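Protein chains in written order, with this note's numbering: chain Z, 118 to 567; chain L, 8 to 402; chain P, 12 to 354.
Step one of this worksheet: look at the structure below.
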Amino acid sequence: MSKTTMTRRGVLKTGAVAGAGVALPTIFTASSAAAYTNEPTGSTVKFGFNVPQTGPYADEGMDELRAQELAIEHINGMGDGGALNTFSSKALGGDGVLGKKVEFVTGDTQTKSDAARASAKSMIEKDGVVMINGGSSSGVAVAVQGLCQEAGIIFMAGLTHSNDTTGKDRKANGFRHFFNAYMSAAALAPVLAKEYGTDRRAYHLTADYTWGWTQQESIAAATEAMGWETVNNVLTPLSATDFSSYIAPVLNSGADVLVLNHYGGNMVNSLTNAIQFGLRDKMVNGKQFEIVVPLYSELMAAGAGENIKGVYGSMNWNWQLQDEGTKAFVQSFGKKYGRPPSNSAQTCYAQTLLYADAVARAGSFNPCAVAEALEGFEFDGLGNGPTLYRADDHQCFKDVLVMKGRDNPTTEYDTLEVVEKTPVAQVTYAPDHAMFGGAEASLGTCNPGA
Amino acid sequence: MLGMNKKDTALMIVVAILALGAPILLNPFPTESAMAQFNAGYPDLMQRFAIFGIFAIGFNILFGLTGYLSFGHAAFLGVGSYSVVWMYKLLDYNVIWGLPLAVVTAGAFALLIGYVSLRRSGIYFSILTLAFAQMSFNLAYSVLTPITNGETGLQVYTKDPQVLLGANEANSPHFFGLVMNSSSKIAMGGWEFTFNNGYYFCAVILMVMFYLAIRIFRSPFGMMLRAIKSNNTRMTYTGLNPRPYALAAFVISGMYAGLAGGLMAAMDPLAGAERMQWTASGEVVLMTILGGTGTLIGPVLGAGFIKYFENIFSKINDNILHGWFSFLPDGLEDFVVFIIHPFIGKGWHLTLGILFMLVVIFLPGGLVEGGQRLKKLVTSKKDDSNNTAKTEPAE
Amino acid sequence: MDAIILQILNGLDKGSAYALIALGLTLIFGTLGVVNFAHGALFMIGAFCAVTLSKILTISFETIDPTQKDFLGNPLVVKTPYVEAWFGPEFGAGLIDWAVPLSILFSIPIMIGIGFIMERGLIKHFYKREHADQILVTFGLAIVLQEVVKYFFGANPIPTGAPDALTGAFDFGTLLGFDPNTVIYPYWRLVYFFFAAAVIGGVFAFLQFTTFGMVVRAGMADRETVGLLGINIDRRFTIMFGIAAAVAGLAGVMYAPINSPNYHMGMDFLVLSFVVVVVGGMGSLPGAVAAGFLLGVLESFASMNEVKSLLPGIDQIIIYLVAIIILLTRPRGLMGRKGVMEE
Chain Z
118 MSKTTMTRRG
128 VLKTGAVAGA
138 GVALPTIFTA
148 SSAAAYTNEP
158 TGSTVKFGFN
168 VPQTGPYADE
178 GMDELRAQEL
188 AIEHINGMGD
198 GGALNTFSSK
208 ALGGDGVLGK
218 KVEFVTGDTQ
228 TKSDAARASA
238 KSMIEKDGVV
248 MINGGSSSGV
258 AVAVQGLCQE
268 AGIIFMAGLT
278 HSNDTTGKDR
288 KANGFRHFFN
298 AYMSAAALAP
308 VLAKEYGTDR
318 RAYHLTADYT
328 WGWTQQESIA
338 AATEAMGWET
348 VNNVLTPLSA
358 TDFSSYIAPV
368 LNSGADVLVL
378 NHYGGNMVNS
388 LTNAIQFGLR
398 DKMVNGKQFE
408 IVVPLYSELM
418 AAGAGENIKG
428 VYGSMNWNWQ
438 LQDEGTKAFV
448 QSFGKKYGRP
458 PSNSAQTCYA
468 QTLLYADAVA
478 RAGSFNPCAV
488 AEALEGFEFD
498 GLGNGPTLYR
508 ADDHQCFKDV
518 LVMKGRDNPT
528 TEYDTLEVVE
538 KTPVAQVTYA
548 PDHAMFGGAE
558 ASLGTCNPGA
Chain L
8 MLGMNKKDTA
18 LMIVVAILAL
28 GAPILLNPFP
38 TESAMAQFNA
48 GYPDLMQRFA
58 IFGIFAIGFN
68 ILFGLTGYLS
78 FGHAAFLGVG
88 SYSVVWMYKL
98 LDYNVIWGLP
108 LAVVTAGAFA
118 LLIGYVSLRR
128 SGIYFSILTL
138 AFAQMSFNLA
148 YSVLTPITNG
158 ETGLQVYTKD
168 PQVLLGANEA
178 NSPHFFGLVM
188 NSSSKIAMGG
198 WEFTFNNGYY
208 FCAVILMVMF
218 YLAIRIFRSP
228 FGMMLRAIKS
238 NNTRMTYTGL
248 NPRPYALAAF
258 VISGMYAGLA
268 GGLMAAMDPL
278 AGAERMQWTA
288 SGEVVLMTIL
298 GGTGTLIGPV
308 LGAGFIKYFE
318 NIFSKINDNI
328 LHGWFSFLPD
338 GLEDFVVFII
348 HPFIGKGWHL
358 TLGILFMLVV
368 IFLPGGLVEG
378 GQRLKKLVTS
388 KKDDSNNTAK
398 TEPAE
Chain P
12 MDAIILQILN
22 GLDKGSAYAL
32 IALGLTLIFG
42 TLGVVNFAHG
52 ALFMIGAFCA
62 VTLSKILTIS
72 FETIDPTQKD
82 FLGNPLVVKT
92 PYVEAWFGPE
102 FGAGLIDWAV
112 PLSILFSIPI
122 MIGIGFIMER
132 GLIKHFYKRE
142 HADQILVTFG
152 LAIVLQEVVK
162 YFFGANPIPT
172 GAPDALTGAF
182 DFGTLLGFDP
192 NTVIYPYWRL
202 VYFFFAAAVI
212 GGVFAFLQFT
222 TFGMVVRAGM
232 ADRETVGLLG
242 INIDRRFTIM
252 FGIAAAVAGL
262 AGVMYAPINS
272 PNYHMGMDFL
282 VLSFVVVVVG
292 GMGSLPGAVA
302 AGFLLGVLES
312 FASMNEVKSL
322 LPGIDQIIIY
332 LVAIIILLTR
342 PRGLMGRKGV
352 MEE
C-alpha cells in the first residue's frame, strides 16, 4: 500500500516549501527518511559502473568493465580474491560489504559529458547506486564528479589525467586514484634529461581542450626546469584526424624533440604521422630527433603499432610490474579474460576495492563517512606500491612509471617496457599548487544527499 | 476549445494525459521484477523526453512545414544552455532569469544564421546551417573556453558572483523555490513512482509549447509555410516573398531549441559543448523523421523513441541477460544470451540503426503511420475525412 | 617559401582523400538522386578490406616455446603465419609487408559487390521517396555497418603499415634547391596522391570516352528522356553505384597506412565529404574534385603557425568558413547545376 498519500498539487506545494524554507535542499528524494542518498536497505548494495561503451574509447571502457566485474567478484568472495589477498587493509572479508552482497549496474558515457551525466543520473535515480566508478576522459570525470557531489554519492574516478579533476574542479565526494599531468611531467622530465641531454629544444603539439592544455603546461614547466627550451606550442583541433599539416613544419623549426600532448585516437594518428614524416630518422642540431608521448595507454600503444618503438611516455601502472599486488591482480584478470589488464582497468579495479574497503572501515555507506575513511588513507598491495589518498585534494600519491615503446615485443601485449619507477616523493606537489587551482581551489563540504 | 478544433483538442488532451501521467505510465513494471529494466519513469529520462520533445516540435515547425532541412539546430540548444548557466553564475539559481534569456539569445542567434542561410535552399541551405553549427561547436570546445569552459562544460563555481543569491536559497536550480531536483516517491504495491518537480516543470512547458505548435500549424502563417514547401515558385509568382515567412519559422524553431537547451541546464546545471555537435543536430533530424515529419505528435514520439533506446538499452548487460534467461537450461541460456548480446549494452547503436531502417522501410510516414495502421486494425472502421487532419504530412 | 610548398603538398594529399570520397558521393547524387549517408561507411569498409587482407595473410599456426613465458607464467605460444611457412619466410614476409597494395585487387570486387547489394537491396526502393527518408535509411545503414565492423575488429585503431619500401620520407626540398630537411614528404602520401589522381582520371575517362559513360551522363542530365529512348538506365545506375562504392573503398584501402583504421573513421569523413560535395556544386564531378583539393589546401594553410597566431582557432573552422563564403557568393557552389537538390 502507499507509504504516503499525496496528490500532485500537494507534492508541488511541499516541494516549494522545502525549497524555500530549507537551506540545504533535499536532492533527488524528498519523501524518504533515509539518512543519505540511496541508503541500502535490503541485503544487497549497488555500485554503478559508468564507462564508454560506444565511440572511440569503447575498448578502453570494456577493459574497465572487465576489471570492475572482477573486483565485484573478489569483494563478494568469488574467484581467487585477486589483490584482496595482498591489500594492506583487511577490512573486507570476501563476504560483500558490511554483510551486503554487492551488485552492479553499467552505463555508457559515450565519452560525452552530457551522456555520461544522463547515464549516471539514471543509475542514481533508477537503480539507487551508492557509488559511481569509471570513465576515460577528464571532461566526463569532472562532469560526473560534479553530479555525484550534488546528488550526494561517492565518485571514484576512472581514467582521468587532467590536473583539474583534483585541481580546480576537485569535489568533496570525488576521489582519484589515477595519476595526473603534473605527475607525468615530474616523472618524465628527469628521465628525458638523462636520455636526451639537458640541451634540447622541444616542439609541442597539444590537443586543443582542457586536458591537453594542462598536460602541455605541466610538461613544458618540468622540461624547462631541466634546461630544455620550448620552441613552439601548437594547438590541434580535437576532431583532427590527419596531423600532417601540423607535423610537416616541425623539422624546420629548429626543434629536436617533438612532444605529443594527445590522447587516444589523436595520439595514435599524430604519432603515426610523425613517424611517416621520418622525424625519428633525422638529425637536428647535431642530435637525433626524438618524440615524447607524455601519457601512454596499452590501447594507444596497440593502435600505434610499430611506430611506438623507442618512444618515451608515462603510465599509472603496468601489468609487467613484479610486486605482489600486481601479480595477484594480473593472474586473476588473465585467467578470467585471457589477456593482461590495462592501466585504466587497474585503476577501476583498485578504486572499486578502495571504496568497498573504506565502507567496511567506516562501518557505513554514508558518503561522508566513506570520504572520511578514504581521506589520508595509506595503503599498499594493490599494485602501485605504498600509496596515500591525500585528504586535501582526494588525489592518490604513488610511484609513477616511465615507459618506453619496446623494440622487439614478443606478444601483442608487451608493446611497452618499464624504464623507471619514479618515487612518489618526486611527483608530490602542494595541494595549493598554481596548476591545481591555487589557494582558491577547495573541496567544499561533503554532501550526503537526502 | 482554446481556439482548436475538435480533433486538435482531443490530441491536446491526449498529450496532457501522457505528460502528466508519465511517472505512472512509464513505470509499468514492479520495481523488483526483472522487467523493471524497461521502466523509464525516473526523473532524468522523463525530463529528457519532455525536453527533446520540445526540441523536436520546434524543429518540425521548420522542417515539417517549410521543408527546409536544418543540420545546425544543436547550436541553438547549446546557446540556450550556456545562457541559463551564465545566469546561475551571475545572478542566482532561479531559472526565471535564464530561461527567457535562453529563448531570446537563441532567437537572436537563429535570426542571424537564418538570415544568411535562407539565401539558399535545398541541400545548400542544409550545409550552410551545418557549417554555422560546427563552427560554434569547434570554437566552444577550444578557443571560446573562457565563455564556455570548453571540454569540461560550463558550471557554477563557489567563487562566482551570484549577486541575487539569498541566504536561505536553494543551491541548485529552482523556480521561485520549487527545487527542480526534489521528488516525491510513492510506493504502491510492488511499484514505486517518482514525482519530480523538474519533470513537471518541463511537462507543463511541453504542453504549452505543443499547444503553441498546434496554433501555428493551423494558422494562416502555417498555411503560408506549407506553401513554401509545396510550391515555392508558385508562391513567388503570386507576389509573395517566401523568405520572411521561412525566416520567421527558422527563428521560432530556433527559440524552441533555445528553450529546450535552457531546460536542460535548468534540470542539470551544466552545459557541455557536445550538445552543439553535428551529431546532436542530426539526432533531432532523425527524431523528427522517425516520428513522422510534418505531424504534430510525431516528433515527440521520435524523441521519446531515441532517448529511450539511448538510456535503457545501453544499460542492459550480460549479467542482466543471464538473469532474465536463467529459467532456461544452461546451454540454451548461454546461446540465447550470445544471440542477444550484440544488440544490448555496448551494441545499442546497432539496435538503433536497425530500427531506423525498419521504421523507414516499412512505415514511410514514421511512427505516426505505425500508430494509424494499428488504429485501423483495431477499429477497422473507415476513417472519416476529418481524421486525416491530425496526422497527414504537411504536403 | 619552403613552408608554403610543404603545406601545398599537405593540402594536395588531404585534398586527394576528400576528392575521392566526394567523387563517389556526387556520382550517387548526380545519377540516382540519393542522399547517401552511408558513403563514409563505404570508405571505412575499404580501409577494413586492407586490415582484413593483412589479417588473412597473418593467419598463423601456433607452436609452444617453453623457453619463454607469457604474462601468466605459462609457456609462450609463438605464432608463425602460414604464408611464411608455405612460401618461405622471405617471400611470405614480403607478401604480408605488401598487404595494403595487394588489397587494392582484393577490395575492388568486394566493394562493387557491396555496392550492388546496397543498391538492389535497399537504395533502389528509395528513389521515389523523400530525401528525408533516404537520409534516415542510409544513416541507419551506416550505423549498422560500422557496428558490425566494431563487433569483429573492436573499437581501437588497427595499425596497418605501408610496405617497408614505401615508408620514410622523400626530401623534396633538395630537388628544388632548398636546404636538406626543409621540405620532406612521406613516400606513402605521395603514392596516395598519384593513386588518387589515377582513379579520378580513370573515372572521368570512363564517363567521357565510353558509350556506357555517355549514357550515364545523359541520364544525369535528363533521366526521363533517356528512359523514353528505351535505354535501361536503371541497370547502368546500379553499375554506377558499384563504381562509386569501389572509389570510396579504394580511397579507404590506400588511407589505411596514413591513419590506423577504426570503425568510426567513416563518420569522421561523412560531414566533411558532404561539405566538399556541396561546395563543389551538386551534380558536378569536376566541382567535387576541385572542392576537395581546394578545401584540403586551405585547411593546411590554416594550420600554419603564422596563420594561427593571427587568427586563433582558424584551423578549427576554416572548412566551414570557406563553405559559407563560397555558398553565399556562388549560389550553387563552384560548378553546381541548377535545380539539383535545391528543393
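Beta carbons: idealized from backbone N, C-alpha and C, even for Gly.
Computed from a prediction, not measured in an experiment: that's the story for all the values here.
In this structure GLY451(Z) touches LEU83(P) by the C-beta definition: roughly 5 Å separates them, less than 8 Å. Here PRO354(Z) is near GLN327(P), since their CB atoms are less than 8 Å apart. Cβ neighbours of MET122(P) within its own chain (closer than 8 Å, five residues either side excluded): LEU53, ILE56, GLY57, CYS60, GLY253, ALA256, ALA257, ALA259, GLY260 and LEU261.
Non-local beta-carbon contacts of ASP440(Z) in its own chain, meaning distances under 7 Å to residues more than five positions away in sequence, involve GLY500 and GLY502 in chain order. Only buried fits PHE144(L), as 16 or more other CB atoms lie within 10 angstroms of its CB. In this structure TYR203(P) is buried. Its beta-carbon is surrounded by 16 or more other beta-carbon atoms within 10 angstroms. Separation of ALA372(Z) and ASP24(P) (C-alpha to C-alpha, rounded to the nearest whole angstrom) is 25 Å.
Where ILE193(L) is concerned, the enclosing beta strand (DSSP E) starts and stops at 190 to 195.
Between the C-alpha atoms of ARG228(P) and TYR244(L) there is a straight-line separation of about 33 Å.
For a Cβ distance threshold of 7 Å, nothing in chain Z lies close to LEU146(L): the least Cβ distance comes to about 10 Å.
Taking each of PHE496(Z), VAL385(Z), ASP281(Z) and ASP474(Z) in turn and checking the Cα distance to ALA208(Z), the smallest one comes out for ASP474(Z). Rounded to whole angstroms, ALA303(Z) and ASP325(Z) show a C-alpha spacing of 22 Å. Cβ neighbours of THR504(Z) within its own chain (closer than 6 Å, five residues either side excluded): PHE496, CYS513 and LYS515. Annotation for VAL163(L): no alpha helix (DSSP H) segment contains it, and DSSP assigns it neither H nor E. Excluding the 5 residues flanking it on each side, GLY311(L) has same chain C-beta neighbours closer than 6 Å at PHE56, in chain order. Across the set ASN316(P), ILE70(P) and VAL62(P), the C-alpha of VAL62(P) shows the shortest separation from the C-alpha of ALA173(P). The beta carbon of ASN349(Z) sits closer than 8 Å to some beta carbon of chain P. Taking PHE494(Z) as reference, the option from THR545(Z), LEU471(Z), GLY314(Z) and GLY480(Z) with the minimal CA-CA separation is LEU471(Z). In this structure, the straight-line span from the alpha carbon of MET417(Z) to that of VAL409(Z) is close to 14 Å. In the three-state reduction of the DSSP assignment, TYR122(L) falls in the helix class, which pools H, G and I.
In the structure shown, the three-state DSSP call for PHE285(P) is helix. Boundaries for SER387(L): no alpha helix (DSSP H) harbours it, and the DSSP string shows neither H nor E there. Listed in chain order, the non-local C-beta contacts of PHE206(P) below 7 Å within the same chain comprise MET265, local neighbours out to five positions each way being set aside. Across the structure, GLN18(P) and LEU375(Z) are spaced so that their CA atoms are roughly 19 Å apart. At a C-beta separation below 9 Å, GLY114(L) has no neighbours in chain P, since its nearest C-beta there lies roughly 21 Å away.
For SER65(P), the three-state secondary structure derived from DSSP is helix. With contacts defined as CB atoms closer than 8 Å, TYR263(L) and LEU161(L) fail to qualify as a contacting pair. For the segment 163 to 180 of chain P, the set of positions with a beta-carbon nearer than 9 Å to some beta-carbon of chain Z reads GLY165, ALA166, ASN167, PRO168, ILE169, PRO170, THR171, GLY172, ALA173, THR178, GLY179 and ALA180 in chain order. The beta-carbon distance between LYS238(Z) and THR161(Z), rounded to whole angstroms, is 21 Å. This is too long to meet the 8 Å contact definition. Taking a Cβ-Cβ cut-off of 7 Å, the neighbours of GLU158(P) in chain L comprise GLY354, HIS356, LEU357 and GLY360, given in sequence order. When LEU232(L), VAL215(L) and MET274(L) are compared, the shortest CA-CA separation from ASN188(L) is found for MET274(L). In the pairwise beta carbon analysis, the segment 38 to 56 of chain L is classified as touching the segment 195 to 211 of chain L: at least three pairs are separated by under 8 Å. Taking the Cα positions, THR37(P) is about 7 Å away from LEU296(P). Look at ARG282(L): its C-beta is not under 8 Å from any C-beta on chain P.
Contact of TRP199(P) with chain Z is assigned, a C-beta pair being separated by under 8 Å. Below 8 Å, too few C-beta pairs join the segment 289 to 304 of chain P and the segment 167 to 185 of chain P to call them touching: fewer than three.
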